[in-house]
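Enquirer: Below is one structure. I have some questions about it.
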Amino acid sequence: MLALGIEGTAHTVGVGIVDEKCRVLANVYDMVRPEKGGIHPREAANHHAEAVVPLIRKAADIAGIDLQDLDLVAFSRGPGLGPCLRTVATAARALSLALDIPIIGVNHCVAHLEIGRGVTAARDPVLLYVSGGNTQVIAFARGRYRVFGETLDIGIGNMLDKYARECGLPFPGGPILEKLARDGKTLLPLPYSVKGMDVAFSGMLTAALNLRKQGASMEDLAFSIQEVAFAMLTEVTERAMAHLNNDEVLLGGGVARNQRLQAMVRRLAKDREASMFVPPGDLCIDNGAMIAWTGLEMHRGGTRMTLEETLVNQRFRTDEERRTRRPGSKAPNDHDSLFPWRALRTQLGSMRRRRGGTGP
Numbered sequence: 000m001l002a003l004g005i006e007g008t009a010h011t012v013g014v015g016i017v018d019e020k021c022r023v024l025a026n027v028y029d030m031v032r033p034e035k036g037g038i039h040p041r042e043a044a045n046h047h048a049e050a051v052v053p054l055i056r057k058a059a060d061i062a063g064i065d066l067q068d069l070d071l072v073a074f075s076r077g078p079g080l081g082p083c084l085r086t087v088a089t090a091a092r093a094l095s096l097a098l099d100i101p102i103i104g105v106n107h108c109v110a111h112l113e114i115g116r117g118v119t120a121a122r123d124p125v126l127l128y129v130s131g132g133n134t135q136v137i138a139f140a141r142g143r144y145r146v147f148g149e150t151l152d153i154g155i156g157n158m159l160d161k162y163a164r165e166c167g168l169p170f171p172g173g174p175i176l177e178k179l180a181r182d183g184k185t186l187l188p189l190p191y192s193v194k195g196m197d198v199a200f201s202g203m204l205t206a207a208l209n210l211r212k213q214g215a216s217m218e219d220l221a222f223s224i225q226e227v228a229f230a231m232l233t234e235v236t237e238r239a240m241a242h243l244n245n246d247e248v249l250l251g252g253g254v255a256r257n258q259r260l261q262a263m264v265r266r267l268a269k270d271r272e273a274s275m276f277v278p279p280g281d282l283c284i285d286n287g288a289m290i291a292w293t294g295l296e297m298h299r300g301g302t303r304m305t306l307e308e309t310l311v312n313q314r315f316r317t318d319e320e321r322r323t324r325r326p327g328s329k330a331p332n333d334h335d336s337l338f339p340w341r342a343l344r345t346q347l348g349s350m351r352r353r354r355g356g357t358g359p
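Anchor point for the sequence shown: position 208 equals 207 in numbering that gives the first Met the number 0, and the numbering is continuous, going up by one each time.
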């Protein structure tokens, strides 16, 4: 069975083709790179509209197939930028109608988890999902993806890119900051904002920009931002693993390619005698292969969609995606202890306030 997936939630439009064994036959993409400022949704959508058909043809050529060989088309239904989502949804619907094959809309965040499971040895991991627009700690239980913790304001990648942009660095700024951080020597004071299992980054962004205005070096600031932000993410990930008694952690999202973040989570896994998994770099970023694989999994699990049911959802929550069957997952009752999670988050937040502050 062959599935083609189209990703287009934000600045990247991608097309991937996978088979039923999660072999990635093709995975191509094109990215909007604004000369200045952030991403304009309408301009990004126009870019995607121009790029998506050539990418579909290129993916088919790389995979060595005809489009008529496809059994399924999937697309990123949300969350994301509305104009971008509508563009790729239209392309997917047209392909589905032209080839007379099923179509499935996929949750973008869930796809990051599922491609990680598909290409690594992870069975049912806790996912630390870190990208531009999203920062979540996710696990699967009783037919639904559960969000243990997430950002209360902006995503980690968004924070890194905004800081870099304010400092005159080109987009995307995260990889540039990673290189600068290697030469940083001094850990500067930045807010450590962990509330229960949630994190916040806007205060760190403001503090870092103020320190830059006061003369702090780019290298020391990049180093400090990474150390503090990634320590926050590692803390909430460990808390989720402890609560679930889970011995697997998976990284996903564009920021998951950061070597320092990987090192910190690897140390966490070692201390807990757990296993850590990271997909290849081109499967960490937004990509069509993860959409294709998740759509294929959903189809095998019995999901069917009419065209009317493929409306995009800009605010498509991870925990809104329900699954009655998930190939390769553990028994549904394995994580029954998960369900007091809201009370646990409240309790942990109260404990931190009693201790005074949000620091480690």
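Think of the CB as a built atom: it goes at the ideal place given N, C-alpha and C, for glycine as much as any other residue.
What residue range does the beta strand (DSSP E) around Tyr128 cover?
Expert: 125-129
Enquirer: Measuring straight from C-alpha to C-alpha, what distance separates Gly301 and Gly294?
Expert: Answer to the nearest angstrom: the Cα atoms are 11 Å apart.
Enquirer: Thinking Leu126 and Gly115 are a contact (beta carbons under 8 Å), I'd like their distance in whole angstroms, please.
Expert: 7 Å
Enquirer: Secondary structure at Ile5, three-state DSSP: helix, strand or coil?
Expert: strand
Enquirer: Check Ile38 in the structure and name its three-state DSSP category.
Expert: coil
Enquirer: Could you give the C-beta distance for Ala9 and Gly132, rounded to a whole number, given that I count them as a contact under 8 Å?
Expert: 6 Å
Enquirer: Got a sec? Which residues, its chain only, sit under 6 Å from Val12 by beta carbon, not counting five neighbours each side?
Expert: Within the same chain, Val12 has close Cβ partners Asp29, His47, Ala50, Val51.
Enquirer: Buried or exposed, going by whether 16 or more other CB atoms sit within 10 Å of the CB of Lys161?
Expert: Lys161 comes out buried.
Enquirer: Ignoring anything shorter than 4 residues or poking outside the segment 245-276, list the alpha helix (DSSP H) runs there in chain order.
Expert: 258-270
Enquirer: So, Val136 versus Gly148, is the Cβ gap smaller than 7 Å?
Expert: yes
Enquirer: Mind the definition here: the segment 20-38 touches the segment 86-104 only if three or more C-beta pairs lie below 8 Å; say whether that holds.
Expert: Contact between the segment 20-38 and the segment 86-104 is absent, with fewer than three C-beta pairs closer than 8 Å.
Enquirer: The alpha helix (DSSP H) that contains Ser201, what's its start and end?
Expert: 201-212
Enquirer: Which residues bound the alpha helix (DSSP H) around Met217?
Expert: 217-243
Enquirer: Kindly indicate the opening and closing residues of the alpha helix (DSSP H) around Tyr162.
Expert: 155-165
Enquirer: Report the three-state DSSP secondary structure of Gly300 (helix, strand or coil).
Expert: coil
Enquirer: On the CB-based measure, 16 or more other CB atoms within 10 Å of its CB, does Asp219 come out buried or exposed?
Expert: buried
Enquirer: Out of Ile61, Gly7, Gly37, Arg76, state which residue places its alpha-carbon closest to the alpha-carbon of Cys83.
Expert: By alpha-carbon distance to Cys83, the top candidate from Ile61, Gly7, Gly37, Arg76 is Gly7.
Enquirer: What do you reckon, are the CB atoms on Gly4 and Ile290 nearer than 7 Å?
Expert: It is a contact, given that the beta carbons lie within the stated cut-off.
Enquirer: Would you mind stating whether Ala180 and Gln213 have Cβ atoms separated by less than 7 Å?
Expert: Not closer than 7 Å, so no.
Enquirer: Who are the near neighbours of Ala206 in its chain, counting only those whose CB is closer than 6 Å to its CB and skipping five residues on each side?
Expert: Closer than 6 Å at Cβ, skipping near neighbours: Leu189, Pro190.
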